[in-house]
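For the sequence shown, our numbering gives the first residue as 199, with consecutive numbering after it.
Glycine included, every Cβ here is placed at the ideal spot set by N, Cα and C.
Computed from a predicted model, the values in this text were never measured in an experiment.
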Amino acid sequence: MKIGMVCYPSYGGSGVVATELGIHLANLGHEVHFITYDKPFRLIEFHENIFFHEVDVSNYPVFKYPPYILALANKIYEVARREGLQILHAHYAVPHTMAVHMAAQMLGDQVRTVTTLHGTDVTIMAEDQSLRDITEFSINQMDALTAVSEDLKQVALKSLSISAPIHMIHNFVNTAQYRKMPALCSRARLKVPEGQKLLIHISNFRTVKRIQDVMEIFRGVNAECPAHLMLVGDGPEMRTAYELTDRFNLRDRVHFMGKQDNVVALLSCSDLFLLPSEKESFGLAALEAMACEVPVIASITGGIPEVVEDGVSGALSEVGDTAKMIADAVAILSNPERHRAMAAAARHRATSAFEEQTIAAQYVTLYEALLSQV
Ligand code: GMT
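What follows is the structure, encoded as structure tokens:
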């Protein structure tokens, strides 16, 4: 098959899913064309079946806002026509679904269209009156829709008027690549003293991630058992992390790692992953941690309970209940046997329920079904 992937290239779960799916499909022999404004950050190695088409946006002075969506639609159309693409797959509805719809209109019957709903494209955009109607309209123009969790599927059906069925296809992880590799990382080099615990949070530091809770949980844990915290990623709430690090007097214990490509190395020396988000349609970062044998402390929100089993591969609490999150984290960290069992259960959960090969096959089946209708 010849597939066009339209996604965000920057750090974020929807771009990661699009890229990992594209690489997987390319390994199966399909031809995959990424169409976006920058090279997806996880698209590192050369692959003869993978192509990248950069969207150039005109910044002619008459434009107050450069017309990215038109440039994207135009690029999708050009690539699809030249390369004979059969499937256009948008990851994250806003604005990719509209661009794919416009390109498909221009292409006539040549392509079948799919949108994967990832999270805030439904949970936040559906509430934004400036985008709601066009998002709903374009979603309804797709030949197929998928959602990354059962929870997101139900939220989408409730909050938007969607006529087509939504296929629930969970996110996935390549457990051959995402596995604990202690040789990749040294706690000594990270300046974490022997015997102290290492917690990690990875995100795009937006408000929904509740960075203040990450910092409060860490402060509480550190008060009970000396620990360090790695903050990986960047975003608007980074300032909150800096402020609270200073206010809580934790400067020598919080490591600001910034955007990192090799999270396996960092996860491989971590004891616990923190994800106390307000909203989280799936929590791909938590799944990647679990694959690396890192138990998760997270909130009961969105699709997280579909990923992390409370009391088995991690511990879940109501959003904002940092007192319980601290107690859970301390209970796990202070009992090495329990920690070992949870780490093993986390890995088992990732390999048994979210293996890339099994889940990516569901996308292939969906594409084939769409093409058989042509
Ligand atoms: O919806 C977003 O916040 C953006 C998106 C992204 O690109 O990071 O994150 C969502 O998609 C991920 C991949 O499917 C999920 O793992 C995240 O849970 C989800 N984020 C939210 O729902 C907040």
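From the options, residue whose alpha carbon lies closest to that of residue i
i: Ala374; options: Pro207, His222, Phe480; result: His222
i: Leu382; options: Cys467, Ile233, Ser550, Ala527; result: Cys467
i: Phe232; options: Lys378, Phe416, Ala288; result: Ala288
i: Phe249; options: Ser384, Phe261, Asp236, Tyr258; result: Asp236
i: Val214; options: Glu554, Ala521, Pro265, Ile360; result: Glu554
i: Ser357; options: Asp319, Ser212, Gln284; result: Asp319
i: Ile409; options: Leu564, Arg437, Ser384, Gln352; result: Arg437
i: His245; options: Tyr258, Ala224, Gly211, Pro264; result: Ala224
i: Gly393; options: Thr499, Leu448, Pro534, Phe261; result: Pro534
i: Val452; options: Ala542, Ala483, Glu441, Leu569; result: Glu441
i: Glu276; options: Leu305, Met296, His299; result: Leu305
i: Ala567; options: Ile285, Gly211, Val255, Ser256; result: Ile285
i: Ile415; options: Gln327, Ser328, Leu564, Ile524; result: Ile524
i: Phe314; options: Ser328, Gln327, Thr333; result: Per the sequence shown, the amino acid found at residue 314 is Thr instead of Phe. It is Thr333.
i: Asn402; options: Leu226, Gly202, Phe335, Gly211; result: Gly211
i: His251; options: Thr295, Met203, Gln352; result: Met203
i: Ala421; options: Ile398, Leu448, Ile242; result: Leu448
Residue i - containing beta strand (DSSP E), residue span
i: Ala425; result: 425–430
i: Lys200; result: 200–204
i: Ala345; result: 342–345
i: Val230; result: 229–234
i: Ser256; result: From DSSP, Ser256 is part of no beta strand (DSSP E); its letter is neither H nor E.
i: Val494; result: 494–497
i: Leu514; result: 512–515
One or two residues paired with residue i in a DSSP bridge
i: Phe454; result: Leu429
i: Thr311; result: Leu286
i: Ile248; result: Val230
i: Glu334; result: Answer by DSSP bridge pairing: none, since Glu334 is not bridged.
i: His399; result: Leu429
i: Leu472; result: Ile495
i: His365; result: Thr344
i: Gly418; result: Bridge partners of Gly418: none, in fact.
i: Val371; result: Glu553
i: Asp508; result: Gly512
Range of the contiguous alpha helix (DSSP H) that encloses residue i
i: Met523; result: 520–531
i: Lys351; result: 348–357
i: His222; result: 211–225
i: His537; result: 534–551
i: Leu485; result: 482–489
i: Ala386; result: Element bounds for Ala386: n/a, residue is neither H nor E.
i: Ala558; result: 554–570
i: Ser466; result: 461–466
i: Ile267; result: 266–281
i: Gln303; result: 291–305
i: Val406; result: Val406 -> no alpha helix (DSSP H), and no H or E assigned at all.
Residues of its chain near residue i, where Cβ-Cβ distance is below 7 angstroms and the 5 sequence neighbours each way are ignored
i: Ala386; result: none
i: Glu281; result: Lys200, His231
i: Gln458; result: Val430, Leu464
i: Asn372; result: Glu218, Glu554
i: Arg377; result: Ala489, Cys490
i: Leu329; result: Val292, Met323
i: Ile400; result: Val430, Gly431, Val461, Ala483
i: Asp508; result: Leu514
i: Thr499; result: Ser475, Glu476, Lys477, Glu478, Val517
i: Lys407; result: Ser401, Glu435, Ser475
i: Val353; result: Val320, Thr321
Distance between beta carbons of residue j and residue i, contact taken as under 8 angstroms
i: Asp331; j: Arg310; result: That belief does not hold up - the Cβ atoms of Asp331 and Arg310 are roughly 24 angstroms apart, past 8 angstroms.
i: Tyr290; j: Tyr209; result: With a Cβ gap of about 13 angstroms, Tyr290 and Tyr209 do not count as contacting.
i: Val494; j: Val506; result: 5 angstroms
i: Ser479; j: Asp349; result: 7 angstroms
i: Val492; j: Ala544; result: 6 angstroms
i: Ser347; j: Gly501; result: 3 angstroms
i: Ile367; j: Gln560; result: 5 angstroms
i: Gln308; j: Ala345; result: Contact doesn't hold; Cβ gap of about 26 angstroms is too wide.
i: Met455; j: Ala439; result: Going by Cβ atoms, the distance from Met455 to Ala439 rounds to 11 angstroms, so no, they are not a contact pair.
i: Met379; j: Ser336; result: Incorrect: roughly 42 angstroms between the Cβ atoms, too far for contact.
8 angstroms CB neighbourhood of residue i in its chain, flanking five on each side removed
i: Lys395; result: Val419, Cys423, Pro424, Ala425, His426, Asp469, Leu470, Leu531
i: Val253; result: Ile233, Thr234, Tyr235, Tyr266, Ala269, Leu270, Lys273
i: Arg404; result: Gly433, Pro434, Glu435
i: Asp526; result: Ile495, Ala513, Ser515
i: Met540; result: Pro493, Val510, Ser511, Gly512, Ile530
Spatial neighbours of residue i in its chain, beta-carbon cut-off 6 angstroms, leaving aside the 5 residues before and after
i: Glu573; result: Only positions 199 to 572 of the chain appear in this structure, which leaves residue 573 out of reach.
i: Asp411; result: Pro474, Thr520
i: Phe576; result: What the structure shows of the chain is the stretch from 199 to 572, and residue 576 is not part of that stretch, so it cannot be assessed.
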